[in-house]
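See below for the structure under consideration.
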Amino acid sequence: MCLRKHLKFFKIQSFSATKIEEIDNRIIVEAEKTVPGKCPVCGKVCEKRKDSTTQEILIGSIPGRAVYCRIKVSRVVCFACGIKTENNGISEGKKRYSEAVAEDVIRHTELLDNESAASLPGLSRSTVYRIDREKLGTLFERYRDHVPPAKRISIDEYARKKGHNYATSVADYDKGVVIWIEEGRKAEDLERAYDNIKESLKGVEQVSVDLWPAYEKATVKKLPEAQIVYDRFHIARLLNKAVEEERRDYRKQLSDEERIKMKKHSRWILLKRSSNLSEGNKKHLEELKKQNTGLYEVYLLKEDFLSLFEEGKPADDAEKEIKAWIVTVLDTKYENLKTFARSILKRLSKVVNWFKNPISNGKMEGINNKIKTVMRRAYGYKDFEYMRLKILQKCGLLMNMRFHTF
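According to our numbering, the stretch in the sequence shown is residues 37 to 442, in order.
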């Protein structure tokens, strides 16, 4: 078998294979060192050896079967340092896998969930988890000192699991990558994130956020020179929420029969942009216009507001038009829309900032979708630190640290 002569295939040097056997679907390569033992402290060659122990170290795989190298590790006599256990020459410290295996594992887990990544080399899921966490953790220690500088950043939140359990992501808007993840979504949580990457944020000019007050509070405190821009996608989401609440309030006034009839089409039509309506949608919208003039008016008010957000529109003109829209809404009977309008009025200057610098969390929404995919693959991560590593691996620049380049 070629493995007898070609341990170098698994990037193993200074060993010679003496025996190969298959045990429980694992391939075991027995090998002997071809170089003298060295003191692990001073590095001097030690000719004298005492007792030895046997170690099995994962060195790679062939389809569906893990390959282990079985070697003897001796205690050597160093005249300068005394009796020491030599390094095994394949793995680092107490790890029982080679660096090549660690590289393969994180390349696989970047694309696959751990269970699928484990099935390729024939490893257990727990083994892949241990290797993945240790290797990514090593990369993370380098990454903390090399987070790339950013000029425009986006702040967003996502639910770690069901309930009020959130994390906050900081993304480089221009690169479209996550540069940090922090547990929680309170002001102090984002402040902690800013502190962790403060060197990379020294040149930040704009910060795109939603209307969550905690994010604005933390940004004003830690990045006082940066311009805060409210994200239009989150504004649209809040407006749609108000529209949906108006629809629900209206439904409560209907009989059961009328409620069933209304439920069939009205929700999605009300939330869709007019430019995205199909011919069938337009037909249902006409029916809504005839049957529910109030909801149709809510739809028109929603469309009027969203149509204001056009890139290239002068900020002064936008401010006047938004104020006019707010006045119109406050003169209606729609309490949910009124609440939304007051919220916009309270934050008008930062809403208008979008027209001066139309950055948006649109890219961040794409990243958030990727984060959600990561979470679904692992059915949620109970361990926040590991979850952070996985998100920075799959949605950030953590893997770049293998090559020390930024």
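The C-beta atom is built at its ideal place from N, Cα and C for all residues, glycine as well.
In this text the structure is predicted, and so the values were computed from the model without any measurement.
What separation, rounded to the nearest whole angstrom, lies between the Cα atoms of residue i and residue j?
| i | j | result |
| --- | --- | --- |
| residue 469 | residue 221 | Within the shown structure, residues of the chain are numbered from 37 to 442, placing residue 469 beyond reach of any answer. |
| residue 344 | residue 172 | 45 Å |
| residue 49 | residue 271 | 60 Å |
| residue 206 | residue 103 | 40 Å |
| residue 341 | residue 151 | 47 Å |
| residue 202 | residue 418 | 12 Å |
| residue 144 | residue 162 | 15 Å |
| residue 190 | residue 208 | 7 Å |
| residue 246 | residue 329 | 32 Å |
| residue 175 | residue 337 | 50 Å |
| residue 303 | residue 325 | 14 Å |
| residue 268 | residue 124 | 57 Å |
| residue 183 | residue 210 | 15 Å |
| residue 154 | residue 101 | 11 Å |
| residue 331 | residue 282 | 8 Å |
| residue 71 | residue 212 | 49 Å |
| residue 406 | residue 333 | 36 Å |
| residue 377 | residue 308 | 20 Å |
| residue 192 | residue 160 | 35 Å |
| residue 37 | residue 439 | Only weak support is given to the placement of residue 37: the predicted model assigns it a pLDDT of 48, under 50, and the value that follows is read from those uncertain coordinates. So the two alpha carbons sit approximately 34 Å from each other. |
| residue 181 | residue 349 | 41 Å |
| residue 358 | residue 427 | 38 Å |
| residue 64 | residue 55 | 8 Å |
Just grab the DSSP bridge partners of residue i for me.
| i | result |
| --- | --- |
| residue 192 | 205 |
| residue 75 | For residue 75, which the question treats as bridged, DSSP gives no partner whatsoever. |
| residue 219 | 203 |
| residue 432 | 214 |
| residue 51 | 69 |
| residue 104 | 64, 94 |
| residue 82 | 73 |
| residue 273 | In DSSP, residue 273 forms no bridge with anything. |
| residue 56 | 65 |
| residue 364 | Paired residues: none, contrary to the question. |
| residue 111 | 121 |
Do residue i and residue j have their CB atoms nearer than 7 Å?
| i | j | result |
| --- | --- | --- |
| residue 165 | residue 437 | no |
| residue 242 | residue 393 | yes |
| residue 365 | residue 373 | yes |
| residue 236 | residue 185 | yes |
| residue 76 | residue 108 | no |
| residue 227 | residue 254 | yes |
| residue 313 | residue 335 | no |
| residue 266 | residue 410 | no |
| residue 133 | residue 167 | yes |
| residue 413 | residue 231 | no |
| residue 229 | residue 216 | yes |
| residue 33 | residue 51 | Limits of the chain in this structure are 37 at one end and 442 at the other, which puts residue 33 out of reach. |
| residue 391 | residue 351 | yes |
| residue 73 | residue 122 | yes |
| residue 34 | residue 106 | Here the chain comprises residues numbered 37 to 442, so residue 34 is not present and cannot be evaluated. |
| residue 95 | residue 46 | yes |
| residue 310 | residue 280 | no |
Quick one: measure Cβ to Cβ for residue i and residue j, integer angstroms, because I've assumed they're closer than 8 Å.
| i | j | result |
| --- | --- | --- |
| residue 219 | residue 420 | 5 Å |
| residue 487 | residue 431 | No information on residue 487 is available, as it lies outside the stretch 37 to 442 that the chain covers here. |
| residue 112 | residue 130 | Not really, about 18 Å apart at Cβ, beyond 8 Å. |
| residue 223 | residue 240 | Contact doesn't hold; Cβ gap of about 17 Å is too wide. |
| residue 384 | residue 347 | No, residue 384 and residue 347 are not in contact; Cβ-Cβ is about 19 Å, not under 8 Å. |
The ligand SAH heavy atoms versus the CB of residue i: any closer than 6 Å?
| i | result |
| --- | --- |
| residue 224 | You won't find the ligand SAH in this model; it holds no ligand whatsoever. |
task: Please list the segments of the beta strand (DSSP E) lying wholly inside the segment 119 to 203, counting only runs of 3 or more residues, in order along the chain.
output: 188 to 197
task: Pick out the complete alpha helix (DSSP H) segments inside the segment 370 to 403, 4 residues or longer, and give them in chain order.
output: 371 to 382, 384 to 392
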